[in-house]
Every structure is written in C-alpha cells, then in structure tokens.
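Asker:
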Amino acid sequence: MTLPAFPTHGRDRNASRFHRLGAAACACICALALSIGALGTPLAAYGDEDDSAQTDSAQTEDAQTSADDSGADVIAIDQSTAVVSATSGYHLVATITNRSDQDLPAGTLSVSTNASYTFVSRTDIQDWADGQASIPTPNELGSVQVPALAVGESATVSLDVDSAQTALAAIVTWGPKPLRIAYQPQDGTGEFLHTFLTRSSDGLSMQQTPAMGLTVAMPLTSDQWQVDDETIDGLVSGDADDEAATAVTLGSDDSKAVKAREQAFANHPMLQVVADPSYLNAVQMPPKVAGVTQPGAFDITDYAAYGDADAYTQAGVSTDMWNADAAQSLYREALGDESASAAAYAWQGERDWSAQALNQAAQQGYDTVIASSSFDQSETDTVHTGTYVVHTDAGDVTVLSEQRELGKLAKGQALSETAAAETTDAGLLARFMAQSAFYQMEQPYTSRNLLVTLDANADAEWIEQLMGAVEQASWLTLTDLDTMATADVYDELGMEQVDNGEQAATDALEGTLSTLSATRNDITRLSTAILDDTDDGNADTQNGESTSADEWIAMLLDTHDDMALHALGAADGSAARTRMTEGMQLLSSSLLGAVTITPSESVTVVSESAQMPVTVDNTLPYAVRVRVSSLTDSMQIVTSRLADVTVPANGEEQVTFTIRVSTSGSATATIALQDRDGNAFGATQNTPITSVLRISDMSGFVIIGFAVLLGALGLWRQFHRKKDANA
C-alpha cells in the first residue's frame, strides 16, 4: 500500500547540513585525541590501558579499511550486554573459527568503541553494521587471548568489563555507540566485526526525554499440527467418542516448546500474546493471553484473494468457523469458563492486507487487525505510530502496522546481507536495541508507539533475551495492544486508498480446496448413498454410549472440517498443510475402504450357465446398502450386470451373479462396488472365468442328431445323383 507523502518542511536539508557538520566535528575531535595519544599524553578515554593496548587499538584501526566481510564467518557473537547501564558493565562471549586453509597461531580478540560518537542518520548506522563506515573506535574496552586454531577449529572466549572501566565511564551520553570486535592472530590477516553498544540514561547527568512506546506482540499458534491416526481409526470404526477436537494435535516438539515458553510469558507480562484459540484447546494449561485471533490461524488474506466463498464452504470451512464469535467460543472452551472473553485481533496471513481482506475481517467481527510492515510502503523521515484506520463497507477497521526494521530484527532477520554481526541472536539483539534508541533520538519529544511482532515459533530463550533487554531500556516503554489501538491515528484511509493486492490465487491453494472438497464429498456420499437409510440402529462407542448414524456422520464431518480449517491456516507448501490434507484423505479412504469385496477364486463353467458368488464385507459400525456390478471382457462369456445387497454393521453378505457362455474359452469378470447413485467406490476385484462347454442336456443331443441327419442326406444325394444327358 502506498500512503500519501507527508511534508518534511525542509527538515531533510537542515538535518543533512547539521549531520555533515557534526560528522566533521567528531572526526576532528577523534583526530586530535589520537594525536595526543601518539605524543604519550594519557587520555581519559584510554584510562589505565597500557601501551600495548594502545598499539593494538591502532592496529585494528589500520586494519579496519582492509579487512573483508569474511569476519562474519570467523567471529560470532554468542552473548553480549544489550543495554549498558551505570552498573551493568559490558560482557561479551564470542566464538572464533579458523575458516582458512592453514593453522592459525595464537592471537588476540580486542573490543573497542567510540565513547563520544553519535550516529547521525539511518544510513550512518547501517553503514557501520555493514562494515563500510570508517568510524574510529579509540576507546578499548579490553582484550582476551585466543589460542592457536587448527583448520576448522573453534575457540570460545569471554570478556568481562567492569562498569568502572575507564572506556565505559567515558560514555556520558546515552544511545547507540559503534562497537568493533577485532581478531588478530600473531601471524596472518586480522578479521573484524561491527556491532553496537547501547548506553541507557541510567546514571548519566543529562536531561531525560520521554520514552517511546513499543508494543511487542506474538502470535501463539503452531505450524507443526499433527493428525492423530488412532483417532481417525477410532472414528471410522465407531469406537471413538466425539473426538473431533483431538484429531488435530500438537507435535511432541511443539508441546515441549509450549512448556518452555509458558515461563517466559509469565516473566514478561507485557508481551502481548495473541492466541489461536484452537492452540489453547490443544495445551493442558492455557497461558494468559492479551487476545485471540482466527481459529486455526485461518488466512483471511488468502480467502479474500481467492474470492470464492463457496469453494471454501464446499471444502468444509465456512465463515462461522473462523469469525470472532467462533474465536470467543473456543477461548471459553479452552478456559472452561463460559463467561470469559478476550479481545479479538485478525492476524495477517501469507498475503498483504487488501481492501477486500480488511472488509472480510470487519464482516467477521474483527475490528482490529495486525499487519506486517508491508502495509505502509512509504518512506518517512522518522518512524511514526503504526496505527491506521481504514473505512470499509463493513465498518472501520483499526490496522496496527509493524515497524519494518525492528520487526525484521525481532524475527531473527538481519537488516542486510552484509551486516555480519547480525547472524546470531546476540548480534541481532544488539542491533535491535541500538536501532530503537536511534529512533527515539530522532524525535525525542514526539509521542510515538511502534509495533513489533515475534514469529510464532520464537523460542523461550529469544523471548527472554528480547523482552529482558527492552524492559531495561530507558528510552522505551512497553505498551499493550489496546493502548496502541487507541493511540492517535497516524492516518485514516478509505478502501480506495488501500492497495487491492490483486494477487492471483495460487494453483496450490486451488488444488488444496479441490482436494478438501473431494474428501468432504466422500463423507457426504457415505451418508446419503451408501449407509442403509432404512436402518435406525445405533452403534455403541467405547464408553458404552449409543450413537446414531446421523451423529456419527456429524462427528466425521466435524473432524474433517477441523483438519480443513488448520490446512487453510497453514502456508502453501508447508508440512502442516500437507499433513492436514493427508489426514483428510486418510479419513475419506478409510471410510470408503471399509466396504470391500472379498477376493473370490476362479470360476470354471462346464455348461451354458453357472453361478458366481460374491461376498461383500462391511467393517463400518452401521449397515450399508450398495450395489455390486460385474462386467466381463468377453462377448461369449458374460455375467448378470448388477446386484443390490444390504450388509449389516461389522458383517458380510453374499450376492450371486449368473454366468452365461456360448463357447469354450476364458474371460475376466471385474467386480466393483457402487453407491445407490451408481458411482463406483472402493477397490475392484478380478475373477477369472473358464468355459469348458460339454453336451450335458437334451438340446445338445438334438443339435448332434440334426447334424447327423444332414450328413446322411448329403451322402444319399451323392450316390443317387443323375448324370447329365449331354455329358
């Protein structure tokens, strides 16, 4: 979506001029400091560092412009202090790996910063992360020895810097500072990594500015849904109770992740957990959540883009399965509290929110939706509150749009391919805190509320790291989704201003809907054209309760539709969608495959006619009334065509076909099952038929007698033939 541009009132030109002046002044100060250091005059910035430390620092500065991007492969940040306060000190754990083709001697890992530097633009901070900016880092925090490394070998080292260390104490302004990590073996080329040290305002004697609002939300759902085959078997055999809700289950890995994340959720109550209510039903102890989203994480954006509600209904997914009322109902079921309620938020699916998708969300009761950063593609001078209002035909929808850079980092994505430090969680977190601090410094007195969302599969460790760092950040204040939804709206849009997102529905989605429709039709066909509609008998479940055929069919359809909902909530090509689709195919094939033809032996016919028995077996819990068809591949050996049969529940019944032959020979009879509408189902059976025609009745003797008579007459004429007079 492209939003209207907002006037900058000359801010870019003025800012650019000030930025250039600031950068020039900073460079002059750093050059002066280095010159004084070279003359031997001790500087506060260097503190109690010895001459060798100063030399190492100078060497790393010289190597800064010559080292290549391979530092990402050599140095990896395992842990680092994301927010530096007056008492925290700075701690770093890094792994150095020998990626070269020769052994490396022992070396040194040094860490340095620039205590007085202030990033002046987004380009400035990105260039540093990419290893392209030549910012001096004269303030060394410390160094640590690295052992000799054989080819492919790694070593993990740690550095602990006390809060009273001179270089840390030299930082008198809060915000992000450039941090350089350099590895220098005794012999060979050094490698470096650019990351950030972000100082909070804690303990600094400077004016405090208002904190920027940050809402951190996380969808609680799964992409690891499994189908319980035992439940499917129990439903088909009639032994199960109403187990539609348990046919779709969490995988074992997902169940373990739930337990680990529960503690993280409890430790950070301001994390806005928005749960798929079907997920809450699948766990033993549902965690406290800030709201609920579409059941099964149903993809409204796909639904709107496909534009065929009937196709979804035929597949088993109607709107009353995923609307806001359904979400509330499932939420109450999970909590076991009929009076419970939670705010409903529609979470964005695989596609962008389009005008049609927002209209659908509003129609289904979702007046607030969560959007990715793609909702607002416009470039603005500074970040702004991500709250929009879109006027749709079904009513106003509040759109909460994620901030692009912070959102990517929170999901474990580097902001560029060359940001070498952002390949680990610690590196990503350092950039997240630096970036958020920079955003607050851009407009320190402007009220803003940004949105960041985590991935649904974010692990407990990452949640703890990110939320713990944000809670320590003096420049951020955590807010909830309701606060953001009611914040001053950044812009109001009509549907005509929202990109329609005309993305053609993929073949994969169309194929999935077609498969789901076919499997559901099989269950419906079982009910209307295979089960004996004259049988009012009930089947007993494992708990001894009696279930009618109609109730059983309803259970089957509920199970199918539950799998269909989760299939359409999963991404195209995902393992979860494949598993759900295969589960529905298993249910369908198991039901229709429960009525079978028992294989029969070959039939030998020694007369003009014979009987061919066919046994039909039914393992369903209810009687069936079907047709059996027989068709041979010969015109001289044929069978009767159809036979109707009623087979009791968990029983078998036999029908008989008449075979008629007119000559000796062989043929194959193909035996198939048909429903009462004449549509075939199940597996066919082939029965060989061999004809050995014998004279075994009066008609045969009459034929032979007539042949003898004709032969005798022919002989008589041969002997009594008159000669021609002209011969």
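Numbering (the working numbering), first residue to last: 130 to 856. The beta-carbon is built from N, C-alpha and C at its ideal position, and this holds for glycine as well.
Go through its chain and collect everything with a Cβ distance to residue 470's Cβ below 7 Å, but skip five positions before and after it.
Answerer: 457
Asker: Kindly confirm or deny that the segment 707-725 and the segment 760-770 touch, where touching means at least three C-beta pairs closer than 8 Å.
Answerer: no
Asker: Give the DSSP bridge partners of residue 580, in chain order.
Answerer: 344
Asker: Beta-carbon separation of residue 396 and residue 463 under 8 Å?
Answerer: no
Asker: Can you tell me whether residue 574 is buried or exposed, with buried defined as 16 or more other CB within 10 angstroms of its CB?
Answerer: exposed
Asker: Since residue 794 sits in a beta bridge, which residues does DSSP pair it with?
Answerer: 820
Asker: Following the continuous alpha helix (DSSP H) through residue 683, name the residue where it begins and the one where it ends.
Answerer: 678-698 is the span of the alpha helix (DSSP H), which, as asked, contains residue 683.
Asker: Quick check: the segment 541-548 against the segment 469-485, are there 3 or more CB pairs under 8 Å?
Answerer: no
Asker: Rounded to the nearest angstrom, what separates residue 694 and residue 427 at their Cα positions?
Answerer: Near 7 Å, if we compare the C-alpha coordinates of residue 427 and residue 694.
Asker: Taking contact to mean 3 or more Cβ pairs, one atom from each stretch, closer than 8 Å, check whether the segment 277-291 and the segment 224-238 are in contact.
Answerer: yes
Asker: For residue 297, does the count of other Cβ atoms within 10 angstroms reach 16, so buried, or fall short, so exposed?
Answerer: buried
Asker: Do we get a CB-CB distance below 8 Å when we pair residue 269 with the residues of chain D?
Answerer: Note that chain D does not occur in the displayed structure, where there is just one protein chain.
Asker: Less than 8 Å between the C-beta atoms of residue 404 and residue 349, yes or no?
Answerer: Cβ distance < 8 Å, so residue 404 and residue 349 count as in contact.
Asker: What residue range does the beta strand (DSSP E) around residue 269 cover?
Answerer: Residue 269 -> beta strand (DSSP E) spans 268-275.
Asker: Roughly how many whole angstroms lie between the Cα atoms of residue 759 and residue 773?
Answerer: One C-alpha to the other measures close to 12 Å.
Asker: Let's see if you can read the secondary structure: which residues bound the alpha helix (DSSP H) around residue 641?
Answerer: 636-654
Asker: Once DSSP output is grouped into helix, strand and coil, what is the label at residue 241?
Answerer: In the structure shown, the three-state DSSP call for residue 241 is strand.
Asker: So is residue 195 buried or exposed if we call it buried at 16+ other beta carbons inside 10 Å?
Answerer: Residue placement at residue 195 is flagged as unreliable, the pLDDT there being 36, under the threshold of 50; the coordinate-derived value follows with that caveat. When all chains shown are included, residue 195 counts as exposed.
Asker: For the beta strand (DSSP E) containing residue 746, name the first residue and the last one.
Answerer: 738-747
Asker: State the start and end residues of the unbroken beta strand (DSSP E) segment that holds residue 354.
Answerer: In the DSSP assignment, residue 354 falls within the beta strand (DSSP E) that extends over 354-356.
Asker: So, with DSSP's three-state summary, where would you put residue 476?
Answerer: strand
Asker: Please classify residue 786 as buried or exposed, where buried requires at least 16 other C-beta atoms within 10 Å of its C-beta.
Answerer: buried
Asker: Since residue 321 is in the beta strand (DSSP E), which residue starts that stretch and which ends it?
Answerer: 320-328
Asker: If you drop the 5 nearest sequence neighbours on each side, which residues of the same chain put their C-beta closer than 6 Å to that of residue 500?
Answerer: 477, 482, 528 and 530
Asker: Look up residue 396 in the DSSP assignment and say whether it is helix, strand or coil.
Answerer: helix
Asker: Tell me the DSSP secondary structure of residue 626 in three-state form.
Answerer: Helix, per DSSP.
Asker: Applying the criterion that 16 or more other CB atoms from any shown protein chain within 10 Å of the CB defines a buried residue, is residue 186 buried or exposed?
Answerer: Because residue 186 carries a pLDDT of 33, less than 50, the predicted location of this residue cannot be relied on, and the following value inherits that uncertainty. With 16 or more Cβ atoms within 10 Å of its Cβ, residue 186 is classed as buried.
Asker: With a 10 Å radius around its C-beta and 16 neighbouring C-beta atoms as the bar for buried, classify residue 653 as buried or exposed.
Answerer: exposed
Asker: In chain order, what residues of the same chain lie with their CB nearer than 6 Å to the CB of residue 797, ignoring the 5 residues before and after it?
Answerer: If we look at residue 797 and ignore the five residues flanking it on each side, its Cβ neighbours are 762, 815 and 817.
Asker: Would you tell me roughly how many angstroms separate the C-alpha atoms of residue 746 and residue 447, rounded to the nearest one?
Answerer: Going by C-alpha positions, residue 746 is about 36 Å away from residue 447.
Asker: Could you tell me whether the Cβ atoms of residue 721 and residue 810 are closer together than 8 Å?
Answerer: yes
Asker: Cβ atoms of residue 329 and residue 418: under 8 Å apart, would you say?
Answerer: no
Asker: So, does the segment 350-357 touch the segment 685-699, judging by three or more C-beta pairs under 8 Å?
Answerer: Two segments are said to touch when three or more pairs of C-beta atoms, one from each, lie closer than 8 Å; by this definition the segment 350-357 touches the segment 685-699.
Asker: Could you check how far apart the C-beta atoms of residue 305 and residue 705 are, in whole angstroms? I think they sit under 8 Å.
Answerer: So it is not a contact: roughly 39 Å between Cβ atoms.
Asker: What three-state label does DSSP hand residue 302 in the structure shown?
Answerer: coil
Asker: Which first and last residues belong to the beta strand (DSSP E) in which residue 756 is found?
Answerer: 753-761
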